[in-house]
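Here is the structure we will look at.
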Amino acid sequence: MKLIIVRHTQTDWNAVRRIQGHVDRPLNATGRKQARALAQTLRNLGAHTIISSDLQRAQQTAAILNETLQLPLTIDARLRESSFGEIEGMTREQAVAHCGRWVAPYFHPECYDYDFRSIGGEHGDTVFTRHKALLDEQHKKNPDAVLMLVAHARGLRTLLGRLGHPPKAPEQGTYMLINYPE
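Sequential numbering of the sequence shown, starting at 1139, is according to the working numbering.
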């Protein structure tokens, strides 16, 4: 199965580097513009369907992409971003001030091994398990499918890193291709 991995485009909180997690923020004007431009890039990649996280920033990105792509679109909560618990809505600096230095390494751009349970969030194992369950289900249905996933930076890094890929999610307005399973 081939995966076209898309990170949702920009929200106001992305622009000021606020931790979103499960907070359901909409795209801003830049994000909508990024999604329209990305749709043109994705037109010829042969996707069969789009599967989006249930959070509105991902759903809005997927809907804008689909204005051009005209594909079956499914919303699936298993692609939801990691929960960061009580630090959602904070900047990274505020989160470190609130929690202490233990949380700082979790904000490294390639971190995919984390545990936010002590502050009401999720462990990386939980995030990976739900993402992988979706992929396994889709692979079982059609191992030759080309799926476009619209999801979130931390969730995608977790998935990629634990599948043995570099744990770097696409930047907003870009995509990456992988085979699943490898």
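C-beta atoms are modelled at their ideal positions from N, C-alpha and C, and glycine is treated no differently.
Computed from a predicted model, the values in this text were never measured in an experiment.
Inset, instruction - Determine the DSSP secondary structure at ASP1253, reduced to helix, strand or coil. - result: strand
Legend entry - Presumed contact (8 Å Cβ cut-off) between GLY1299 and TYR1250, rounded CB distance: 3 Å
Legend entry - Pair within 8 Å by beta-carbon distance, SER1324 and GLU1275: Coverage of the chain is limited to positions 1139 through 1320, which leaves residue 1324 absent and any answer about it impossible.
Legend entry - Cβ separation of GLN1194 and PRO1164, assumed to be a contact under 8 Å, to the nearest whole Å: 5 Å
Inset, instruction - Using 10 angstroms around the beta-carbon of ASN1152, count the other beta-carbons present and answer buried if the total reaches 16, otherwise exposed. - result: buried
Legend entry - Rounded separation between PRO1304 and THR1296 - CA only: 10 Å
Legend entry - Inter-residue CB distance, TYR1252 and HIS1277 (contact presumed, cutoff 8 Å): Rounded, the Cβ-Cβ distance is 26 Å, inconsistent with contact.
Legend entry - Alpha-carbon spacing of THR1187 relative to LEU1217, whole angstroms: 15 Å
Legend entry - Cα-Cα separation, GLN1197 to LEU1294: 16 Å
Inset, instruction - Write down the C-beta distance between ALA1173 and LEU1203 rounded to the nearest angstrom, noting that I regard them as a contact closer than 8 Å. - result: 6 Å
Inset, instruction - With DSSP as the reference, label VAL1161 as helix, strand or coil. - result: coil
Legend entry - Bridge-paired residues (DSSP) for LYS1171: In the DSSP output, where bridge partners are listed per residue, LYS1171 has none listed.
Legend entry - First through last residue of the beta strand (DSSP E) which encompasses ARG1239: Per DSSP, ARG1239 belongs to no beta strand (DSSP E) and is neither H nor E.
Inset, instruction - Determine the DSSP secondary structure at HIS1246, reduced to helix, strand or coil. - result: coil
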